[in-house]
Amino acid sequence: MDNKPKIDLKARLGKKTVTTGTGGGRLGGPSIPPPVGLRSPTGIGSSPSSQPPAVDPSNPYSSITAAQAPVQAAPQAIKIEMSEEVVEAQKKGRSKVMILAGVTAVIGAVIGFAVGGMNERNARAQRALVDAQDLIKSVTETGTQAQAMADVFKDVGKGLSDGKYPDEGIGKLGGLDIPFDGTTLSGKAITLFKPALTNMLVQYAGLADQADEQKDKLLRLLTGSKTGIQELLADKTTPKVRWSVFIQNGPFGPWASMQPVPTPFFVKSDAKDYSWPGEIQVKDGDQTVTMKRYSKGEPASASSPEFIPVVPQTQASVCPSDLPTRLRREVSTMDTLLNGDDTPGQEKAGLIPLGTKILEELK
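Letter by letter, the sequence shown follows residues 105 to 467 of the numbering used here.
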């Protein structure tokens, strides 16, 4: 029995002998850590220099070290797997929402544009209405003045035909003015009117300017040529001798020279013992020469030239005055500007009838 081999249990078990904190060898056994929160017994598993940890009654882990504290596990992410049908449905849903949002935005923009456009149109229409009312007043006043002017010119023409100078008519014309002109349309929203009405207003402004200028031109002619007009009118009933001739010897025989009579005299008169003057005084350069009226004999043989009166009617035929022609032309022009011309092929608008059409359109 003494020859039996010893069995080394420690080698078989692979364990080592653990000594106690006192170095007690085998009898001490393995060193067991004290329970959590309890101090190790003196001399067992602790060194004399170790201090007991501070204990916080409110913290269950205050008596352990950071390494001994339990670690809370981080929450794990939850991954949801969706099928392709679900993903596709979600995409379609988002697309519908986006399309609906876009359509709503477009509808809102259209409504806003429509409302803004409507407000602008209303403002423009209101402005056009106000301007139309102002133009109605201007055109009405112009029509009244133009008609009064036409009536005065009619009286002036009748007076001239009757051989009377129109003093009264000239006084009336001086108080008449055409209030409408190009500045009347300035600032007016005539472009908001119908194109035909806009064209008529522009034409009306031009005719108004021309009529006012023509009135002033006729007034200047009537007042500046008053003496000549009165003479022409008087010659129709009581003509005067205004021209004369005197006979001289020319290169191949006698010939006549025309000479204005310084002081015209009546052809005839109801005055008792009336006769033509026997002589006249004419200017010859810086000198005044006395010419006797021819009565008998050889005119060219006289020692000094003698004048012979010229028949007034022939004077108008040979040397017509342009004054009557100018008067007729200017009066005719004024009548056309005011009343227009309906001659086929020569139609012209007149201020008065055109104003009537414009009022109908504006109202």
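For every residue, glycine included, the Cβ atom is placed at its ideal position computed from N, Cα and C.
When the Cα of L296 is compared with those of M395, L455, D235, which residue comes out closest?
-> Ranking the options by Cα distance to L296, first place goes to D235.
Whole beta strand (DSSP E) runs in the region 434-458 with 3 or more residues, listed along the chain?
-> DSSP runs (the beta strand (DSSP E)) wholly in the region 434-458: none.
Taking the Cβ atom as the reference point for each residue, do A315 and K276 lie within a distance shorter than 9 Å?
-> No.
Of the residues L337, L323, P283, K298, which one's Cα is nearest the Cα of E245?
-> The shortest C-alpha separation from E245 is found at P283.
Alpha carbon to alpha carbon, how far is S407 from G328?
-> Cα to Cα, S407 sits roughly 42 Å from G328.
Just the Cα atoms here: how many angstroms apart are V306 and L458?
-> If you take the alpha carbons of V306 and L458, they lie about 11 Å apart.
Could you round the C-beta distance between D285 and G273 to whole angstroms and report it? I think they count as a contact, below 8 Å.
-> With 8 Å as the limit, D285 and G273 do not qualify as a contact, their Cβ atoms being about 24 Å apart.
Taking only runs of the alpha helix (DSSP H) that begin and end inside the region 214-284, which ones reach a length of at least 4 residues, in chain order?
-> DSSP runs (the alpha helix (DSSP H)) wholly in the region 214-284: 271-278.
By Cβ distance below 6 Å, which residues in the same chain neighbour G291 in space, the five residues on each side in sequence not counted?
-> Within the same chain, G291 has no close Cβ partners at all.
Counting only the same chain and skipping the five closest in sequence on each side, list residues whose C-beta sits under 8 Å from that of E464.
-> Sequence-distant Cβ neighbours of E464 in its own chain, meaning closer than 8 Å and more than five residues away, do not exist here.
Cβ pair count under 8 Å reaching 3, the region 331-351 against the region 422-432 | Output reads yes: the region 422-432 touches the region 331-351.
From the DSSP output, which residues share a beta bridge with K400?
-> BP columns for K400 are empty, so no partner.
Could you tell me how far apart the beta carbons of L311 and L455 are, in whole angstroms, since I believe they sit closer than 8 Å?
-> About 5 Å separates the Cβ atoms of L311 and L455, confirming a contact at the 8 Å cut-off.
Whose CA, out of L264, D446, V371, lies closest to the CA of K344?
-> Looking at the Cα atoms, V371 is the closest of the given residues.
Start-to-end residues for the alpha helix (DSSP H) that takes in I333 | It spans 330-341 - the alpha helix (DSSP H) in which I333 sits, taken as one unbroken run.
From the DSSP output, in three-state form, read off P366 for me.
-> When DSSP states are grouped into helix, strand and coil, P366 belongs to the strand group.
Local Cβ density within 10 Å of M362, reported as buried at 16 or more and exposed below that | M362 should be labelled exposed.
Report all residues from its chain with a CB closer than 8 Å to the CB of P270; omit the five preceding and five following residues, and keep chain order.
-> Correct list, in chain order: D259, V260, G263, L264, L326.
DSSP three-state call for A360: helix, strand or coil?
-> It is a strand residue.
A250 beta carbon less than 9 Å from that of L442 = With a cutoff of 9 Å on beta-carbon distance, L442 and A250 are scored as near each other.
Give the straight-line distance between the Cα atoms of E402 and K387, rounded to the nearest whole angstrom.
-> Between the alpha carbons of E402 and K387 lies a distance of about 24 Å.
Does the distance from the CB of P416 to the CB of R397 come in under 9 Å?
-> No, they are not a contact pair.
Quick one: grab the DSSP three-state call for K298.
-> Note: K298 maps to coil in three-state DSSP.
Under the assumption that M438 contacts K319 (Cβ atoms under 8 Å), give the Cβ distance between them as a whole number of angstroms.
-> Indeed they touch by this definition, with Cβ atoms about 7 Å apart.
Alpha carbon to alpha carbon, how far is G357 from T331?
-> About 39 Å.
May I have the straight-line CA-CA distance separating P409 from G354, to the nearest angstrom?
-> Those two C-alpha atoms are separated by around 13 Å.
Check P428 in the structure and name its three-state DSSP category.
-> Helix at P428.
Output the distance between the C-alpha atoms of L289 and N303, rounded to the nearest integer angstrom.
-> Spanning the two alpha carbons is a distance of roughly 12 Å.
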